[in-house]
Amino acid sequence: MTRSTSPTPVVNDNPFMKPMEWVSLALLVAVIFVVLPLLLDAFRLNLVGKYLTYSFVALGLVICWGFGGILSLGQGVFFGLGGYLMAMYLKLEASSIENTKIQSTPGIPDFMDWNQITALPWFWKPFQSLPFTLLAVLVVPALFAFVIGTAMFRRRVGGTYFAIITQAIAAILTILIVGQQGYTGGINGITDLRTLHGWDIRTDSAHNILYFVNAGLLVGCILFAQMVKKSKLGRILLAMRDKEDRVRFSGYQVASFKTFAFCLAAVFAAIGGAMFTLQVGFMSPSFVGIVPSIEMVIYAAVGGRLSLFGAVWGTLLVNWAKTSFSESFPELWLFGLGALFIAVVLAFPNGLAGIYRTYVEPRLTRRVKALEPAPAVALTHAAE
Amino acid sequence: MFGDYSLGDLGAIFAMQGFAGLILFSVYVLMALGLAIIFGQMGVINMAHGEFMILGAYMTYLCSGFFQSHLPALFPAYFFVAMALAFLASGALGMLVEWALIRHLYKRPLDTLLATWGLSLILQQAYRSIFGAREVGVELPAWLIGSVQVTDTIEIPINGMFVMAITTLITVGVAILMYRSRFGAQVRAVVQNRAMAGAVGIDTEKVDRLTFGLGCGIAGIAGSAFTMVGSTGPTSGQLYIVDTFLIVVFGGAASLLGTIASAFSISQTQSTLEFFLSGSTAKVITLLAVVGILMLRPQGLFTLKVRR
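Put into C-alpha cells, the structure is as follows:
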C-alpha cells in the first residue's frame, strides 16, 4: 500500500491524495451534486439521500474493518443512537402543547401518552435544546464505542469474538427499544416528526436542501477519513491489521489505536443516523438490529473494504439494486442479496475498487501513457 | 418483586420456571453443541446455523404430515424417523456447503461470517418459497401430550421430558464421539495442529467436511426438538443465532462442558426472570450480564489449555 516503486523521484512522495484519487473524488462529487439532482425527481432524490446516510456507516466500516481489521457487526447501534437522539429533539419540538392538546397530558410525545406516562422522563429533558442534541449525536455514540472498545481491546479480544459481541449488543439494544415502548416509541419507532428549529422538514424543498447538506457532510467525512489514512495513525492501523504483534512489540499501544478506529466509525455512523432521521422523517428499531447492521457491512464489502470512495459507490449500488429488485421481484431480492454476500467474499474480496484496480486501471494508465509519454509518471501509482 | 408471593408459591414458581428453562436449555444445548463443534473446533462462524436448525424442523413437519396421511399406524413413532431424517438432511446440506463454500475461506474467518450470512438469507427465502411465509406447527403423537403432576402446584409436561432425554443422549453421544473415538481424536488433532495432523496421515479435508456436517446435523436434531416447543417459520432460526453464539463464547469455545454449563445458566436465568419481569426485560438483563462477564473474562467460563 505504501510501497514507492516509482522509477523516477517524485517531489512529494506522500501527497494528501494521488492524482487518480482526486479524479475519483471529482467524479463522486459531480455525480452526487450535479448528475443525480438533475436526473431524478424529488421522490427519487430523497431516496438517494437516504442511501447516502447509509454510506456514512460504510465509510466508518472501511476505517474500522478495512484499515483496522476490526469487523463490527453492531454499526446499526451507532446509526440508531445518532438517529434516535436526533429524533428525540424533533419529536419534542413536534409535541408542543398546542399540537398535543387532545392528549391526557399535553406537551409530551404521543407514544408516551398512549403508554400512560404523565411526565417527560429525565433523559428526554435535555433534548429540548438543539445544540445539546447536536453535541449528543457526536459524543454519546463515541463514548459508547469508547467503553466497548476499551473493555474489549485492552483484553485483546478481537476478530470473530468482537464481531459476536457487537452483534449481541445490537440485539440487546433492539430488544430494549422495542420493549420500553413508553420511553422509545417501541417497534414503530419515533414517527411524525415535523420541524427542525421551526423549519418544516417534510416539504420537497427541505428534502432537497437536506440532500445537499447530507452530500456535503459525506464529502467532509471522506476527506477526514483520507486525512486519517494518510497520517501516521493510519499507517499504524494498517500495520496492526497485518501484524498486530509486531506493532505491539514496537512499543505501540495497540488497544488505543483500535479503540480510536472503532470510535471514529461509530461517530460516522451516528452522523449518518442523525441525517437519516432528518431526511426520512422517522427512526425505528428496524435500523438498529443485527440484520441492518450486517447489511451495512455488505455495502462496504461490495464497494471494496479498503476504498473510501468505494464505500459510497457500494452503498448506492446495493441500495439501488435493492429498491429496483424489490419493486419488481420481491421474491428474488433475498436470493440476490445472499448471492451477493457469497460472491463478494469468494470472488471479489476487494469489491468494486478491487475490480477497478485489477482490470480497469492498468488499461487506463496505458492509455494515458500512450497519449502523453513523458509526464505521466505519477499515474503509475495505484490509486487507493 | 418477590413480595406478593408466599414462600411455598415461590418454590413452585422456581421449580416450574426452572423446568420451562430446562426445555429452552435443551434446544440451546443442541444448537450450541453443533456450533461449538463448528466454531470451537474449526474457527468458522456459521451464521446459517439457525437455518440448518430450521431445516430439521421442516423435515419433522414434513414427516409428521407424511405419517399422518400414509402411515397412520406408525404415527406414534414418527418422531424418531423425523429426527434421523433431520440429522441426515442438515448434515448432508452442511457437507455440501463446506465443500462449495467454507473450505475456500478457512484462512479468513471474518469472511466466513459474511458468506454464511448470505447463505442464511438464501435458505430463508428458499424456505419461504417452498413452505410459505406462515409458521407451521407439527402434530404431536398422543403419548407426548399431557403432563405429570408432581405435587399440587408443580406439573411437568411430557414432551419437555422427552426433549431433555433426547438432549442428554445426544450430548453423551457427542462427548463419546469427540473424546473416545478415532474420529474424535482426528478432529482434535486437526484443531490443534493442522499441518502436523496432515503429516501423520490424517485426511484433514475429509475431517473438516465430516466435522462441519456433524455440527449441522446436530442443529437439524435441535430443529426437530424445537418443533415441540415452538412453531416453525422461515426466519425462526435467526432469533436463536445470537443467543447460541453467546452461549458458545460464554462457555469458552472448544469446551463441550463449558457449552453445557453456559447454556444451563443462560436459559435458567432467562426463564426465571421471565416470570417476574416482562419477556423482553428478562432477555435484556440476561444478555447484558453475559456480555458484561465476557468483557471482564473474554476467554469464557472454561478454557482449554493449549500451547499455540
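In order, the protein sequences belong to chains A and B.
For the first sequence, our numbering assigns the number 2 to the initial residue and increments by one for each residue that follows.
For the second sequence, our numbering assigns the number 80 to the initial residue and increments by one for each residue that follows.
All C-beta atoms, glycine included, are put in the ideal place defined by N, C-alpha and C.
Since the structure is predicted, the reported quantities are computational estimates derived from the model, not experimental observations.
Assigned exposure category for tryptophan 66 of chain A - 16 Cβ within 10 Å defines buried: buried
Any C-beta of chain E under 8 Å from that of histidine 183 of chain B: The structure shown has no chain E; the protein chains it does contain are A and B.
Beta-carbon spacing of glycine 170 of chain B, glycine 299 of chain B below 8 Å: yes
Test: threonine 161 of chain A CB closer than 8 Å to a CB of chain B: yes
Option nearest leucine 112 of chain B by Cα separation, candidates B/Gly292, B/Glu218, B/Thr365: B/Gly292
Proximity winner among A/Ala262, A/Val346, A/Gln182, relative to arginine 187 of chain B (alpha-carbon distances): A/Val346
Same chain, Cβ closer than 7 Å to arginine 387 of chain B, five either side skipped, listed in chain order: Unreliable placement is indicated for arginine 387 of chain B, whose pLDDT of 43 sits below 50; no coordinate value is reported for it.
Pair within 8 Å by beta-carbon distance, leucine 53 of chain A and asparagine 209 of chain A: no
Alpha helix (DSSP H) runs wholly inside the region 300-370 of chain A, at least 4 long, in chain order: 309-329, 331-347, 352-356
Whether tyrosine 55 of chain A touches methionine 297 of chain A by CB criterion (8 Å): yes
Cross-chain neighbours of arginine 156 of chain A in chain B, by beta carbon under 7 Å: Pro377
Assigned secondary structure, glutamine 228 of chain B (DSSP; H/G/I helix, E/B strand, else coil): strand
Short CB-CB distance (under 8 Å) between threonine 360 of chain B and chain A: yes
Limits of the alpha helix (DSSP H) - the one that isoleucine 339 of chain B falls within: 335-355
Three-state class that DSSP yields for proline 236 of chain B in the structure shown: strand
Contained alpha helix (DSSP H) runs [length at least 4] in the region 161-244 of chain A, N- to C-terminal order: 182-185, 205-231, 233-243
Below-8 Å beta-carbon distance, glutamate 332 of chain A vs any chain B residue: yes
Where valine 251 of chain B falls: helix, strand or coil (DSSP): helix
Paired residues, beta bridge with valine 215 of chain B - DSSP: B/Thr311
Residue range of the alpha helix (DSSP H) that includes proline 377 of chain B: Element bounds for proline 377 of chain B: n/a, residue is neither H nor E.
Status (buried if at least 16 other CB within 10 Å, exposed otherwise) for isoleucine 178 of chain A: buried
Alpha carbon of leucine 164 of chain B to alpha carbon of glycine 100 of chain B, nearest angstrom: 27 Å
Range of the contiguous alpha helix (DSSP H) that encloses glutamate 94 of chain A: 76-95
7 Å Cβ shell around glutamate 245 of chain A - same chain, five flanking residues per side excluded: Val255
Test item: CB-CB of threonine 290 of chain B and alanine 115 of chain B under 8 Å: no
Glutamine 203 of chain B at chain A interface by Cβ criterion, 8 Å: yes
Range covered by the alpha helix (DSSP H) that runs through asparagine 272 of chain B: Careful: asparagine 272 of chain B lies outside any alpha helix (DSSP H) and carries neither H nor E.
8 Å Cβ cutoff met for phenylalanine 80 of chain A and phenylalanine 288 of chain A: yes
Through-space distance from valine 303 of chain A to threonine 134 of chain A, alpha-carbon basis: 33 Å
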